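Per the numbering used here, numbering through the sequence shown is continuous, rising by one, with the last residue being 1425.
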Amino acid sequence: SHAKSAGSIVAAGDLLAKLELADPSKVQKIEPFEGSFSPFGKIESEPEPAEEDLGALLEGYEVGSRGPQLVEGMFEAFTGREVAATSVKVLLEKYLANERPFAASIKAKQPYDKLLRELITEGKDSLDKVIMTIVAHNKLSERHEAIMAALREMVAAEGSGMSCMYVPDMQENDMDQGVHSKIQEMAQMPTEASKAGDYGNVRYLAQQLLDVVPSESYEERLRSFKGEIEGSGEGPKAEESEAAELGCVTDGGLDLELMVELLSDDNTKTQDLALRTYLRWLSMPSLLSGLDLFKHEDICTAAWIQHYPVPQAEMHERRGCLMVVPDLTRLDGSICEETLGPMIKARTSAAGPMVAEAGAAKSDVLLNLLHVVVGRDAFPGMQDRTRFYNSNEQLNNILRQCTETFAHKAELLRAAGVGEICVVLPQPPRHPRFAMFIISAESEEWSENKLGRDMWPSFVNLLELNRLKMAYGLERIHKEVRPTSHIYLGTQPSLGSHKAPPPELFMRGLYYSNIDKSNFGDCLSDCLLVAMEEVEHAMLDPLVAKHGHTVTSRIYLHFMRSLAMEPDEIMQCFKQTVNAFVGQHGSEMLKLCTDEIEVKVRRSFGESVETLRLSSSSLGGGYMKMSMLREFPDPVTGHPTRWENFTPDLGQAQAGTVRSALLSQVQAKRVAARRAGSMYAYDLCGLLKIALSVKWSALTSDGSASPVPSYGYLGAGNRRSPSPGRRSAGAKGVSPRADGREGGSRMGRSSTDIAGMDVKVPDELLHSVELVMDWDRTELVETVRGEGFNDIGMLAWRVTLKTPEYPEGRDFILIANDVTFQAGSFGVREDQFFQKASELARRRGLPRIYVSCNSGARVGLVEELKSVYKVKWIDAADPGKGFEYLYMSKEDYEKLPADTVEAHVVKDGGEDRYVIDSIIGLTQKSTLGGIGVENLQGSAMIAGETSRAYQETFTLSYITGRSVGIGAYLNRLGQRNIQMVSSPIILTGYNALNKLLGKNVYSSQDQLGGPQIMVPNGVTHQVVRDDQEGMSAILDWLSFVPKDVHSLPPMYPPSWCTDPWDRDVEFKPPKQPYDPRDFLRGTITTDGMRLRGFFDAGSFIEYLEGWGRTVVVGRARLGGIPMGVIAVETRSVERFVPADPANSESCEVVEPQAGQVWFPDSAFKTAQA
């Protein structure tokens, strides 16, 4: 018999049930053994196979061994490929079968307790399986150790380019969708950590494995690559121009290391073509001339001249020399006058055009380049090549040898003007190792430049790492060579008395494929998607993860090919592409704290080239503000020397790495707001602008004038996109779109034709003016000022939106808590400010939008007294007995201003003590704005103001982070609420309630006011997943609301409506109960046929979905006219009432409700709608 029913509140020691035996006499009693044991000797037992133990561990059992040890034993025991593949497949399926429901709940942002209820409901006939599923899930960290160990084994083997015996079906050309399908499923697991689990590391390793899987063996790839090189022999030579795309080199692919292999090819023609291709690719964006290939003994040598694309009057030249030496023993002998001869001759020749000559005459600057490629294999004795860094020990010895050789040849290198040396060390089948050496200007000694370790020679300059290093301490995250993308963790020292700024993650990427006006937007969008995924991976690295949520990220993309477009066209394309990308992937950007996207492009016009730096940044104030700078490069190296605004009204004239102390403080506030689960209040208008841009983009792209909600899960964060260069297309440089359309961006278009009517997107979609309080007159004044200058925790703006409903513009008042100012709490000044802003909305009849993220009314202390008051204990040895009074010394009392405390004097041990009777704190700094009663009085004032605002104008609240006390009351009094899924609405915290109850009853704020509480209670109308979706939901609701109380609701022109009002309603309600939403919005039949519903396609938005479920309410459009919707649910539904943790006698209640019947909650819901 059960003592507790299902869904009851239970605690340790509670009686759940009693087991009553049918026949107790048949129970065998346990009695103590009183005999003696005979010696058995040593018992030999065979150990369980590692594979069996590993399977048991993944099912949640204790096996006495750690997962990585079992994985190693299992892989060592494999005797054949097929056996290995079957075993790996079975083990991965065991893990996935258990975790699928938990991963799905995280993607759906489902509360964990709701997931458990669903598991119990679905498995009510086999609860033992449900229990084992949860038991196994509770050991997720141990099971993840085992799965990640298996993935690392596969990554190590596949990443080597060698055939992997463990996973034969990973080869794409003959896979049987066994292991590969499991890995793909893991690569799509959610990255968000929640109570239901954290799958980020597993997802990252699975994606990494998919990335390194070659479609061919190393030998096949090399043979194919060699054929491409040889096939390009009739094309343009390296010295002709940069126009020919390097088709045999893919951006971010696995083919770059193969080019190094061909530099030592036995076929002279192949070697010649490989050298030309390598040098042209290596020198970009500089142009080559005078390329000369020759041999000294058996050392293949190339000499060339390169110049950066600047105006002819500024053009300077650098010389370079590349040597392919058979092995390291020949390095010393290969650096000689014969190989360096062209550089020495040009440097010493009076007639030479080299800039080095002028440099030698003036400052003797060494600018020439030397590249040394060490044969086919620089590590011939290395046996284990399954991991890139297995060559580290030998590498260190080689670098010491190189340093000694360069020191020995210092005079010869100086005579040749060499200032930079790159040593390339092949280690097939892995990527080559790289080392860069520079000569010190002070000591004139050669040493390694650690910044260039394991990086292609030109990348240090192209990624501007030296400039980055001047402002940050850099630590590379993805240490293994990734040809065209690199990620660094940057840290800065503290600025004076301020704390050190938050660490930043820098994603730096290069794009080599051709770009033009038709595909620039698509290429940029593809590159941004790949960059976001790289940042997502880097966030999981232990070096980054240890900093928690304080890490912000910045993206830098350098397009190597010149672009023949006008500056305003480039800027317009950049704006629309980035706005569309941020709108679609805003959730991921907020999660990854991406604060800047910077793009460097070269624009060609006639015979000239200029460099532009496009930026969308939150670092200079506002959210992702756009700017375009003209860059002035060094004519020799191409390093940026300065920037200037392209037009006077665009952005700051500084590139992203240089920031003032003020901007660092603003960024610190942004990070603090994110830690609170919200966003910086000053970013609100930027997020609204992005959401509005997406709505206009949807309108102009498909002709749908209906406000389609954009807060549904897009799924982009759960798929691994290939590098742009891996995408093949019929035309060079044009990558196919994810939606299957041809390349050719529409991003540059500002208008389109909808049903024969030209719709022009307004130039300025959003304009906001901050409202600041003039405390002398107690009036709000429209003011233009920078971010972070507010001295209270409340902000407001008058916002003008140019929406599809009101393209000429509509105004509303936006009010928001600043959670970075005293935790967003309400003091007297905050209350006065809120009241004035809300009153302004009422007076003008404008919608009032309140973004709530706060800590309730401020209850403070007179901080100045903390250091001066003393305690008279009843027993100083035992403070637990209490105290007699609080007092101050005479000296401390006289230092305090009048009206700080009231006290009377007592004598104690000959000392005058001022016993504190009351604390006033009227003139103290810490009490400005009130510390208790005054704040509660202000709370009553703004509560009344909100009630009046609801009666007189449109009010809408968006809850983000948390909303406490008076903040929660304001939301409820404003009636309409959009709640972010992780943002509770509470009157007080769960810790305070636990103390009041005397025991730990509640374990989270969500149990008090999360969506699982507020949605069934009818407080929350709509739940969104993050702030970007929240801003989009606000715009959706405003699209149904008149611009002011004196206007009619907004209507679309009839020509904008692609779903005519006089068409037939194709959905016909059946006689049996059905979902009324199918009638309202239409549905798709089982055979894929679309049946249109009553309202305009895509226009219906449901509100209050989880409350009063026998009625469906929402908003929609009919022929472009906004409508309120009330429909009756024809099916039977269930009303769920959760158990109250504070009442041990309570249990959850599931109450059936018949369809087509009004219950108290659905009747109230109907009245509210």
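Quick reminder that beta carbons are idealized off the backbone N, C-alpha and C, glycines included. Bear in mind that the values here come from a model prediction, so they are computed numbers and not experimental data.
- By the CB criterion at 8 Å, L1096 and L1057 fall outside the cutoff.
- A straight-line Cα-Cα distance of about 10 Å links P636 and Q650.
- Here the alpha carbons of T833 and E790 stand approximately 19 Å from one another.
- Only residues of its own chain outside the window of five on either side were considered, and among them D851 and M880 have a CB closer than 6 Å to the CB of S874, listed in chain order.
- Here DSSP, grouped into helix, strand and coil, assigns L785 to helix.
- DSSP, read as helix, strand or coil, puts V1389 in strand.
- Contact annotation: L1102 and D1300 have beta-carbon atoms nearer than 8 Å.
- Between the alpha carbons of V1369 and W1031 lies a gap of roughly 44 Å.
- When C-alpha distances from A756 are compared across V807, A787, P713 and S1388, the shortest belongs to V807.
- In the three-state reduction of the DSSP assignment, I1241 falls in the strand class.
- Taking the Cβ atoms as the reference, S1295 lies roughly 11 Å from A947, outside the contact range of under 8 Å.
- For D548, the enclosing beta strand (DSSP E) has its first and last residue at L543 to H552.
- In the three-state reduction of the DSSP assignment, T1059 falls in the coil class, being assigned neither a helical nor a strand state.
- Around the beta carbon of G673, 16 or more other beta carbons sit within 10 angstroms, so the residue counts as buried.
- One thing to note: Y1125 has its Cβ no nearer than 8 Å to the Cβ of Y1149.
- Under the DSSP assignment, V674 falls in the beta strand (DSSP E) whose first and last residues are V674 to Q683.
- A278 sits in coil when the DSSP states are folded into three classes, being neither helix nor strand.
- Under the DSSP assignment, V283 falls outside any beta strand (DSSP E); it carries neither an H nor an E label.
- Within a 10 Å sphere around the beta-carbon of Q1412 sit fewer than 16 other beta-carbons, which makes this residue exposed.
- Partner residues in the beta bridge of S1145, as assigned by DSSP, are R1169.
- In the DSSP assignment, L578 falls within the unbroken beta strand (DSSP E) covering R574 to V581.
- Of the candidates K925, L681, P896 and R931, the residue whose Cα lies closest to the Cα of S647 is L681.
- Per DSSP, reduced to three states, the secondary structure at Q1409 is strand.
- In the structure shown, I600 adopts helical secondary structure according to DSSP, grouped into three states.
- Under the three-pair Cβ rule at 8 Å, the stretch 355–370 counts as touching the stretch 442–456.
- The beta carbon of V1127 sits closer than 7 Å to those of F1139 and L1142, all from its chain and outside the five residues before and after it, given in chain order.
- When secondary structure is reduced to three states using DSSP, R477 falls in the helix class.
- For Y744, the pairing in a beta bridge is given by DSSP as R732 and F762.
- By the CB criterion at 8 Å, W702 and A663 fall inside the cutoff.
- For P1332, the enclosing alpha helix (DSSP H) covers residues P1332 to R1337.
- For T850, the enclosing beta strand (DSSP E) begins and ends at T850 to F861.
- According to the DSSP secondary-structure assignment, T557 is paired through a beta bridge with F550 and M579.
- According to the DSSP assignment, V865 belongs to the beta strand (DSSP E) that extends over S864 to S873.
- In this model, Y1258 and E1390 are separated by some 26 Å (Cα to Cα).
- Taking 8 Å as the cut-off, the Cβ atoms of I1215 and I1290 do not count as close.
- Between T524 and L518 the beta-carbon gap is near 12 Å, outside 8 Å, which marks them as no contact.
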